[in-house]
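Protein chains: 4
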Amino acid sequence: MLKSYIENIEKWREEFSFYVPIKVRFSDTDMYGHLNNTVPIVYFEQARIDFFNHLGLMEDWTDQDVNNIPVVADIQCDYLKQVYFNEPLKVYAKIAKIGSSSVDLHYLGVDHLEQICFTGRGTIVQINQNNGKSASWTEKQLEKLSGSKK
Amino acid sequence: MLKSYIENIEKWREEFSFYVPIKVRFSDTDMYGHLNNTVPIVYFEQARIDFFNHLGLMEDWTDQDVNNIPVVADIQCDYLKQVYFNEPLKVYAKIAKIGSSSVDLHYLGVDHLEQICFTGRGTIVQINQNNGKSASWTEKQLEKLSGSKK
Amino acid sequence: MLKSYIENIEKWREEFSFYVPIKVRFSDTDMYGHLNNTVPIVYFEQARIDFFNHLGLMEDWTDQDVNNIPVVADIQCDYLKQVYFNEPLKVYAKIAKIGSSSVDLHYLGVDHLEQICFTGRGTIVQINQNNGKSASWTEKQLEKLSGSKK
Amino acid sequence: MLKSYIENIEKWREEFSFYVPIKVRFSDTDMYGHLNNTVPIVYFEQARIDFFNHLGLMEDWTDQDVNNIPVVADIQCDYLKQVYFNEPLKVYAKIAKIGSSSVDLHYLGVDHLEQICFTGRGTIVQINQNNGKSASWTEKQLEKLSGSKK
Numbered sequence: 034m035l036k037s038y039i040e041n042i043e044k045w046r047e048e049f050s051f052y053v054p055i056k057v058r059f060s061d062t063d064m065y066g067h068l069n070n071t072v073p074i075v076y077f078e079q080a081r082i083d084f085f086n087h088l089g090l091m092e093d094w095t096d097q098d099v100n101n102i103p104v105v106a107d108i109q110c111d112y113l114k115q116v117y118f119n120e121p122l123k124v125y126a127k128i129a130k131i132g133s134s135s136v137d138l139h140y141l142g143v144d145h146l147e148q149i150c151f152t153g154r155g156t157i158v159q160i161n162q163n164n165g166k167s168a169s170w171t172e173k174q175l176e177k178l179s180g181s182k183k
Numbered sequence: 034m035l036k037s038y039i040e041n042i043e044k045w046r047e048e049f050s051f052y053v054p055i056k057v058r059f060s061d062t063d064m065y066g067h068l069n070n071t072v073p074i075v076y077f078e079q080a081r082i083d084f085f086n087h088l089g090l091m092e093d094w095t096d097q098d099v100n101n102i103p104v105v106a107d108i109q110c111d112y113l114k115q116v117y118f119n120e121p122l123k124v125y126a127k128i129a130k131i132g133s134s135s136v137d138l139h140y141l142g143v144d145h146l147e148q149i150c151f152t153g154r155g156t157i158v159q160i161n162q163n164n165g166k167s168a169s170w171t172e173k174q175l176e177k178l179s180g181s182k183k
Numbered sequence: 034m035l036k037s038y039i040e041n042i043e044k045w046r047e048e049f050s051f052y053v054p055i056k057v058r059f060s061d062t063d064m065y066g067h068l069n070n071t072v073p074i075v076y077f078e079q080a081r082i083d084f085f086n087h088l089g090l091m092e093d094w095t096d097q098d099v100n101n102i103p104v105v106a107d108i109q110c111d112y113l114k115q116v117y118f119n120e121p122l123k124v125y126a127k128i129a130k131i132g133s134s135s136v137d138l139h140y141l142g143v144d145h146l147e148q149i150c151f152t153g154r155g156t157i158v159q160i161n162q163n164n165g166k167s168a169s170w171t172e173k174q175l176e177k178l179s180g181s182k183k
Numbered sequence: 034m035l036k037s038y039i040e041n042i043e044k045w046r047e048e049f050s051f052y053v054p055i056k057v058r059f060s061d062t063d064m065y066g067h068l069n070n071t072v073p074i075v076y077f078e079q080a081r082i083d084f085f086n087h088l089g090l091m092e093d094w095t096d097q098d099v100n101n102i103p104v105v106a107d108i109q110c111d112y113l114k115q116v117y118f119n120e121p122l123k124v125y126a127k128i129a130k131i132g133s134s135s136v137d138l139h140y141l142g143v144d145h146l147e148q149i150c151f152t153g154r155g156t157i158v159q160i161n162q163n164n165g166k167s168a169s170w171t172e173k174q175l176e177k178l179s180g181s182k183k
């Protein structure tokens with residue numbers, strides 16, 4: 034069952050290199066005994082922020098003079114395999130497309146057997162908190178973003 | 034900016050009638066001062082479960098003899114307006130499409146001025162916990178599901 | 034089993050009047066099928082903030098000129114009765130003791146039969162974000178705090 | 034400011050050896066810019082479960098024939114130092130006292146400079162899900178529990 038944002042699953046998967054190790058917290062489960070469906074979105078956020086940090090972008094978003102922050106415009110997640118308490122996961126993030134003030138990220142969550150548990154995507158927009166409007170990437174930011182793109 | 038799952042926003046919006054009132058918890062916010070982006074997914078879950086309960090479906094999913102449960106196959110959320118602590122929201126849910134063992138739900142979150150804060154959609158599949166496979170809707174379940182569809 | 038912060042349970046209980054209605058979210062449960070033990074602490078926070086808001090104190094903590102915020106110094110919770118999904122709870126808060134820059138709150142969570150599910154207490158300290166030190170209550174704040182005390 | 038459950042802070046601290054590394058998630062923060070006060074309770078749970086797992090106790094609580102589970106009777110947490118996003122923490126757990134069907138655990142959270150951020154304690158009771166009553170430790174369980182005690 035191929036998702037609209039995945040053309041070729043093997044190729045798509047190969048393009049990931051950055052990931053964060055995630056351990057499923059007990060409080061991440063729900064009464065159906067598995068990982069609650071809302072939690073992979075939390076993992077995506079964790080992977081995204083660590084990824085941005087890795088690219089050197091987080092410093093742009095804590096500079097109070099500039100006052101720009103990244104905002105989630107949309108997110109989606111496809112659940113392929115149930116996940117249980119204590120499972121060690123890897124959650125990957127990669128850049129799929131760079132816009133003028135936005136970036137599309139793709140996500141991949143795998144278990145310890147490298148089986149896909151969930152996939153996802155979402156657009157992040159840089160906005161300026163002073164006026165609430167989108168703020169175009171600077172040259173330097175584009176370099177950071179492009180550098181990571183294969 | 035029309036989402037792929039919304040053809041006509043006025044018509045789409047009119048088809049909602051069921052909603053749950055939601056109050057943004059303090060711990061739902063994050064260090065950017067607004068509602069954390071992972072939380073509307075929690076609100077969708079709340080709206081969905083209350084909606085299923087309203088349709089009389091939850092009793093099918095707590096019957097330990099049958100052992101069927103609803104599982105989230107995918108979810109997506111579009112964030113249109115920032116939400117802040119203490120805002121009273123209404124989160125609507127409606128049925129968009131009924132499959133043989135699945136159902137597509139759409140979601141709409143509005144603030145106290147009836148302004149759209151976020152929209153979303155997702156597919157729920159009924160699976161049987163004994164064999165892990167999808168379980169077709171029974172006649173009775175289809176009645177419950179159809180009854181709610183305009 | 035009387036808790037150290039409760040001398041006389043009937044008297045203690047009578048002193049509560051302010052409460053917030055809480056509905057247990059599905060994602061508040063865990064794989065043991067009941068309310069996860071970390072969540073009543075979230076409910077305490079909700080009750081506390083609504084209580085402070087009710088007393089007119091929240092406006093003091095969003096005034097960016099003064100830059101004071103309330104900080105949780107400690108919290109404790111005693112779990113007396115398991116809580117399940119969808120249960121409508123009332124979570125009460127009251128002031129137990131007022132210090133020079135702090136206040137002790139007590140908490141009580143009951144189910145729809147008015148049975149006690151959990152109790153708790155904790156100290157809140159007002160600190161100034163500019164210097165990180167505790168900030169004494171002003172006359173006006175003391176009035177607001179005392180007004181609520183029976 | 035010594036807590037009631039800590040007689041001598043140096044001695045108390047030395048008795049810990051088991052810990053879990055914790056990374057503060059972005060969604061663990063709140064609009065005051067720091068770790069939300071409800072989250073250390075989540076970290077305690079994580080430390081506790083990993084600790085029980087380390088002691089070999091978790092297998093007793095997933096055996097569906099016996100149907101015993103550990104239940105949190107009470108928890109408390111003292112917050113000594115604000116924690117911020119992305120900080121790497123260590124959260125320690127140790128056994129403080131063993132009862133007939135319960136065990137008291139103490140907790141310690143430190144930052145990367147080994148500075149204390151929060152401390153805590155709480156009682157866990159083993160209950161039987163069939164009758165809802167407390168279930169005494171078996172000989173084997175007591176061995177597991179004692180083995181860890183210095």
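Protein chains in written order, with my numbering: chain A, 34 to 183; chain B, 34 to 183; chain C, 34 to 183; chain D, 34 to 183.
Using N, Cα and C, we set each Cβ at its ideal position, and we do this for glycine too.
Note that this is a predicted model, so its numbers are computed, not measured.
What is the DSSP secondary structure of residue i, counted as helix, strand or coil?
{"i": "L141 (chain D)", "result": "strand"}
{"i": "L113 (chain A)", "result": "coil"}
{"i": "F118 (chain A)", "result": "coil"}
{"i": "R46 (chain D)", "result": "helix"}
{"i": "N101 (chain C)", "result": "strand"}
{"i": "Q162 (chain D)", "result": "coil"}
{"i": "R154 (chain D)", "result": "strand"}
{"i": "S169 (chain D)", "result": "coil"}
{"i": "Y38 (chain C)", "result": "coil"}
{"i": "V75 (chain C)", "result": "helix"}
{"i": "V63 (chain B)", "result": "Correcting the residue type first, residue 63 (chain B) is Asp in the shown sequence and not Val. Coil."}
{"i": "K183 (chain B)", "result": "Low per-residue confidence applies at K183 (chain B): pLDDT is 44, beneath 50, and the placement is therefore not dependable, though the value from the model is reported in the following sentence. Note: K183 (chain B) maps to coil in three-state DSSP."}
{"i": "L88 (chain B)", "result": "helix"}
{"i": "L146 (chain A)", "result": "coil"}
{"i": "D93 (chain D)", "result": "helix"}
Going by the CB atoms, is the gap between residue j and residue i shorter than 8 Å?
{"i": "T152 (chain D)", "j": "D137 (chain D)", "result": "no"}
{"i": "Y140 (chain C)", "j": "A126 (chain C)", "result": "yes"}
{"i": "M64 (chain D)", "j": "D63 (chain B)", "result": "yes"}
{"i": "F84 (chain B)", "j": "I82 (chain C)", "result": "no"}
{"i": "K123 (chain B)", "j": "P54 (chain B)", "result": "yes"}
{"i": "L68 (chain D)", "j": "V57 (chain D)", "result": "yes"}
Taking residue i and residue j to be in contact with their CB atoms under 8 Å, please state how far apart those CB atoms are, rounded to whole angstroms.
{"i": "E78 (chain C)", "j": "N70 (chain D)", "result": "7 Å"}
{"i": "L90 (chain A)", "j": "Q174 (chain A)", "result": "7 Å"}
{"i": "V158 (chain D)", "j": "S179 (chain D)", "result": "Contact flag wrong, Cβ pair sits at about 18 Å."}
{"i": "N101 (chain A)", "j": "I160 (chain A)", "result": "7 Å"}
{"i": "G165 (chain D)", "j": "P73 (chain D)", "result": "Wrong, their Cβ atoms sit about 29 Å apart, outside the cutoff."}
Residue i touches chain G at which residues, Cβ-Cβ below 7 Å?
{"i": "Y65 (chain D)", "result": "No chain G is present in this structure, whose protein chains are A, B, C and D."}
Three-pair Cβ contact test at 8 Å for the segment 46-58 of chain B versus the segment 90-102 of chain B: Contact between the segment 46-58 of chain B and the segment 90-102 of chain B is absent, because fewer than three Cβ pairs lie under 8 Å.
With contact counted as at least three CB pairs below 8 Å, one residue from each stretch, are the segment 107-126 of chain C and the segment 110-118 of chain D in contact? Yes: at least three Cβ pairs fall under 8 Å.
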